[in-house]
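Data first, discussion second: the structure below is written as structure tokens.
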Amino acid sequence: MNALEVKELTKVYPEFTLDKISFCVPQGHIVGLIGRNGAGKSTTIKGILRLIAAEGDVSVFGKNMGEDEMAVKQMIGYVGGGFRYYPRNTLSAIRKAYAPFYPTWEQGKYERLLAQFKLSERKKVKELSEGMKVKFALALALSHGAKLLIMDEPTSGLDPLSREEFCDIVLQLVREDGVSVLFSTHITSDLMRIADDIVYISQGKLLAACPLKELLGKYRLARFSSLKDATTAKAIGVKAVKEGYEGLLLCDMQVATSAAATDATIDNIIVHLEKANEEGICAEFD
Amino acid sequence: MLNLIKKEIALCMHPTAFIFLFFAVLVFVPNYPYEVIFFFSCLSVFFCCMMTRENGDIAFSCALPVKKEYIPLAKMLVVFGLQGIILLLVGIIGAVKGAVLPAEQYVNQAGISANLALVGNGAVLLGVFNLIFFPRYFKSPDKIGVPFVIGAVAVFLLISIFIVLRWTTPLYSVALNGLNSENIGAKAAALTMGIVIYIILSAISCKLSMRHFQRIDV
Chain A
0 MNALEVKELT
10 KVYPEFTLDK
20 ISFCVPQGHI
30 VGLIGRNGAG
40 KSTTIKGILR
50 LIAAEGDVSV
60 FGKNMGEDEM
70 AVKQMIGYVG
80 GGFRYYPRNT
90 LSAIRKAYAP
100 FYPTWEQGKY
110 ERLLAQFKLS
120 ERKKVKELSE
130 GMKVKFALAL
140 ALSHGAKLLI
150 MDEPTSGLDP
160 LSREEFCDIV
170 LQLVREDGVS
180 VLFSTHITSD
190 LMRIADDIVY
200 ISQGKLLAAC
210 PLKELLGKYR
220 LARFSSLKDA
230 TTAKAIGVKA
240 VKEGYEGLLL
250 CDMQVATSAA
260 ATDATIDNII
270 VHLEKANEEG
280 ICAEFD
Chain B
0 MLNLIKKEIA
10 LCMHPTAFIF
20 LFFAVLVFVP
30 NYPYEVIFFF
40 SCLSVFFCCM
50 MTRENGDIAF
60 SCALPVKKEY
70 IPLAKMLVVF
80 GLQGIILLLV
90 GIIGAVKGAV
100 LPAEQYVNQA
110 GISANLALVG
120 NGAVLLGVFN
130 LIFFPRYFKS
140 PDKIGVPFVI
150 GAVAVFLLIS
160 IFIVLRWTTP
170 LYSVALNGLN
180 SENIGAKAAA
190 LTMGIVIYII
200 LSAISCKLSM
210 RHFQRIDV
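From first to last, the protein sequence lines are chains A and B.
Per numbering that gives the first Met the number 0, residue 0 is the first one in the first sequence, and the count goes up by one each step.
Per numbering that gives the first Met the number 0, residue 0 is the first one in the second sequence, and the count goes up by one each step.
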């Protein structure tokens, strides 16, 4: 059974449309939601959580969000980019207000997590570092037995060491507690470390939803000495770089002798697919 | 719902929501338009909404396992509770004033005396504020200023009308004025009517607010 299934999630704003996004988060998997700023990552997450009025179906462990929203939300732990709420309140006051909403709240687990994360309940939210805020949000989300964690850019604003620590915690949760995770980010090094699958959104449209290895294995990064060579090789998203031109090639395509091809990273894939996407849109306008 | 109300009280109440309740003692101030006391209650609602915004409370609440329409309802029920307390306090402290001060000091040159009719007037003021403020606020909870200004202008217009009535109509200057023991029937009727109007206006306000809040994107 999938932990999360999203079918044709659509939200229309005057200047932006999230267009029929469909993907799933298999149970026990970590899925990275990627895309450039404004691509629709946060809108997708808000649509899943019904924070915005979006069309489409969302089901968590087989339960439909539209039909049984309260039961579904009991199974979800939401971490919205750290903890930006109630800056002047103590963690204790927030926990006391938060815990009664969850009949499955485990105070012992919460206290263990606080000890593990070295958090004091006497502190106010504004006294926490960005990393500590993320940990507090995680502690709240996990203490009510959430089986699906949905996180919106949780590692933004964290230093590399804190990001590393965060990734370790998430990996531990998946391995030991069987939690499934969907998290949006534009820090692709985090994904390389922990993600099993990738959902790639560009300009409100789904460009890819597949295992990370499949995405990485699909493209190679090729460098060309001239634009003509790149065009002849049918390279994707060609752009000028310091020495020549760079573009993606599908793995099964022949690489010309004049080109040098290496393994593509997620960053390479995003940059060149975005470029190709923009050019496609420009061509339509032309 | 009870959990949402507890969360509201624990995390979203501005100190003025409780401090302004003590302003009920202003009924001891001689020659003062006592209806203004109820405006302070409206002002505390404004501060609480500011606190809600600064705390990101709406987004936090929407992620909780609760029905979305219950979020405005819980906020409004807390406000109704506070409004009920200020009405009760004004009534009680007004009665105490009537009991301890000489009758001539009970006469108010700036409006009606601190009696049951004043509580009825206060209920109407608060009901009108609820009807104007909350449905507008819950259409867009980030914008608090405009709904509050519109509500406050309406409240002060009504206060002015009550003061004019005090000096121009026998009903307000005689029947509804003075000690509770004088013309008790008229004052009790004014109080009852005020409370009924408050309940009707607040119930409409709840319905509209819940409907508007369902449509907003957090």
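Ideal Cβ positions, reconstructed from N, Cα and C, are used throughout, including at glycine.
Please list the partners that residue i has in chain A, where partner means a Cβ-to-Cβ separation under 8 Å.
{"i": "Val217 of chain B", "result": "Lys45, Leu50 and Ile51"}
{"i": "Phe59 of chain B", "result": "Tyr84 and Tyr85"}
Taking 6 Å as the limit between beta carbons, can you name the residues of its chain near residue i, skipping five residues before and five after?
{"i": "Leu205 of chain A", "result": "Ile20"}
{"i": "Gly156 of chain A", "result": "Glu129"}
{"i": "Ala194 of chain A", "result": "Ile29, Gly31 and Leu211"}
List, in order along the chain, the chain B residues whose C-beta lies closer than 9 Å to that of residue i?
{"i": "Lys72 of chain A", "result": "Ala62, Leu63, Pro64 and Val65"}
{"i": "Phe100 of chain A", "result": "Asn2, Leu3, Lys6, Leu63, Pro64 and Val65"}
{"i": "Ala92 of chain A", "result": "Ala9 and Leu10"}
{"i": "Asn88 of chain A", "result": "Ala9, Leu10 and Asn54"}
Cutting at 7 Å between CB atoms, please list the residues of its own chain near residue i, excluding the five before and the five after it.
{"i": "Ile199 of chain B", "result": "none"}
{"i": "Val78 of chain B", "result": "Val44"}
{"i": "Pro192 of chain B", "result": "It is Met, not Pro, that sits at residue 192 of chain B in the sequence shown. Closer than 7 Å at Cβ, skipping near neighbours: Gly119."}
{"i": "Gly110 of chain B", "result": "Pro32, Tyr33, Glu34, Phe161, Ile162 and Arg165"}
{"i": "Pro14 of chain B", "result": "none"}
{"i": "Leu249 of chain A", "result": "Lys217 and Tyr218"}
{"i": "Ile268 of chain A", "result": "Leu214, Tyr218 and Leu247"}
{"i": "Pro13 of chain A", "result": "none"}
Under 8 Å Cβ-Cβ, which residues of chain B neighbour residue i?
{"i": "Met69 of chain A", "result": "Pro64, Val65 and Lys66"}
{"i": "Tyr77 of chain A", "result": "Ala62"}
{"i": "Ala38 of chain A", "result": "Those do not exist, as Ala38 of chain A stays about 17 Å from chain B at its closest Cβ, beyond 8 Å."}
Interface residues of chain B around residue i at Cβ under 7 Å?
{"i": "Ala229 of chain A", "result": "Within chain B, no residue comes near Ala229 of chain A; the closest Cβ sits about 42 Å away, beyond 7 Å."}
{"i": "Arg83 of chain A", "result": "Gly55"}
{"i": "Ala96 of chain A", "result": "Lys5, Lys6, Ala9 and Leu10"}
In angstroms with no decimal places, state the Cα-to-Cα distance between residue i and residue j.
{"i": "Ala282 of chain A", "j": "Gly216 of chain A", "result": "Model confidence at Ala282 of chain A stands at a pLDDT of 38, short of 50, so the residue's coordinates are unreliable; what they give is reported in the following sentence. If you take the alpha carbons of Ala282 of chain A and Gly216 of chain A, they lie about 28 Å apart."}
{"i": "Tyr97 of chain A", "j": "Ser91 of chain A", "result": "10 Å"}
{"i": "Asp216 of chain B", "j": "Val11 of chain A", "result": "12 Å"}
{"i": "Leu147 of chain A", "j": "Val173 of chain A", "result": "10 Å"}
{"i": "Leu139 of chain A", "j": "Val57 of chain A", "result": "23 Å"}
{"i": "Asn176 of chain B", "j": "Leu42 of chain B", "result": "27 Å"}
{"i": "Leu137 of chain A", "j": "Gln73 of chain A", "result": "15 Å"}
{"i": "Ser204 of chain B", "j": "Ile149 of chain A", "result": "35 Å"}
{"i": "Leu32 of chain A", "j": "Val198 of chain A", "result": "5 Å"}
{"i": "Phe17 of chain B", "j": "Ile84 of chain B", "result": "10 Å"}
{"i": "Asp158 of chain A", "j": "Phe116 of chain A", "result": "16 Å"}
{"i": "Pro210 of chain A", "j": "Asn129 of chain B", "result": "53 Å"}
{"i": "Val95 of chain B", "j": "Thr167 of chain B", "result": "28 Å"}
{"i": "Phe27 of chain B", "j": "Ala174 of chain B", "result": "21 Å"}
{"i": "Gly236 of chain A", "j": "Arg222 of chain A", "result": "12 Å"}
{"i": "Ser60 of chain B", "j": "Asn30 of chain B", "result": "45 Å"}
{"i": "Gly144 of chain B", "j": "Cys47 of chain B", "result": "12 Å"}
{"i": "Val240 of chain A", "j": "Thr187 of chain A", "result": "21 Å"}
{"i": "Glu245 of chain A", "j": "Ser225 of chain A", "result": "9 Å"}
{"i": "Asp176 of chain A", "j": "Met64 of chain A", "result": "23 Å"}
Using the beta-carbon of each residue, which ones in chain A are nearer than 7 Å to residue i?
{"i": "Phe212 of chain B", "result": "None at all; the shortest Cβ gap to chain A is about 11 Å."}
For residue i versus residue j, is the C-beta spacing smaller than 8 Å?
{"i": "Asp56 of chain B", "j": "Tyr84 of chain A", "result": "yes"}
{"i": "Asp18 of chain A", "j": "Gly243 of chain A", "result": "no"}
{"i": "Ile196 of chain B", "j": "Ala151 of chain B", "result": "no"}
{"i": "Arg121 of chain A", "j": "Tyr109 of chain A", "result": "no"}
{"i": "Ala218 of chain B", "j": "Ile92 of chain B", "result": "As shown, chain B starts at 0 and ends at 217. That puts residue 218 of chain B outside it, with no answer to give."}
{"i": "Arg35 of chain A", "j": "His271 of chain A", "result": "no"}
{"i": "Ala113 of chain B", "j": "Val148 of chain B", "result": "no"}
{"i": "Ser201 of chain B", "j": "Gly97 of chain B", "result": "no"}
{"i": "Ala53 of chain A", "j": "Leu127 of chain A", "result": "no"}
{"i": "Ala298 of chain A", "j": "Ser201 of chain A", "result": "Only positions 0 to 285 of chain A appear in the structure, and residue 298 of chain A is not among them; the question remains open."}
{"i": "Ile265 of chain A", "j": "Leu181 of chain A", "result": "no"}
{"i": "Leu207 of chain B", "j": "Pro134 of chain B", "result": "yes"}
{"i": "Ile186 of chain B", "j": "Ala116 of chain B", "result": "The question names Ile, yet the displayed sequence has Lys at residue 186 of chain B. Taking 8 Å as the Cβ cut-off, Lys186 of chain B and Ala116 of chain B qualify as a contacting pair."}
{"i": "Asp151 of chain A", "j": "Gly79 of chain A", "result": "yes"}
{"i": "Asn54 of chain B", "j": "Pro99 of chain A", "result": "no"}
{"i": "Ala208 of chain A", "j": "Phe22 of chain A", "result": "yes"}
With a CB to CB cut of under 8 Å and the five nearest residues on each side skipped, what residues in its chain are close to residue i?
{"i": "Ala70 of chain A", "result": "Lys62"}
{"i": "Arg87 of chain A", "result": "Lys123, Val124 and Lys125"}
{"i": "Ile4 of chain B", "result": "Ala73, Leu76 and Val77"}
{"i": "Gln213 of chain B", "result": "Lys67 and Glu68"}
{"i": "Met49 of chain B", "result": "His13 and Ile143"}
Chain A contacts made by the stretch 0 to 22 of chain B, where a contact means CB separation under 8 Å: Those residues of the stretch 0 to 22 of chain B that come within reach of chain A (Cβ to Cβ, closer than 8 Å) are Asn2, Lys5, Lys6, Ala9 and Leu10.
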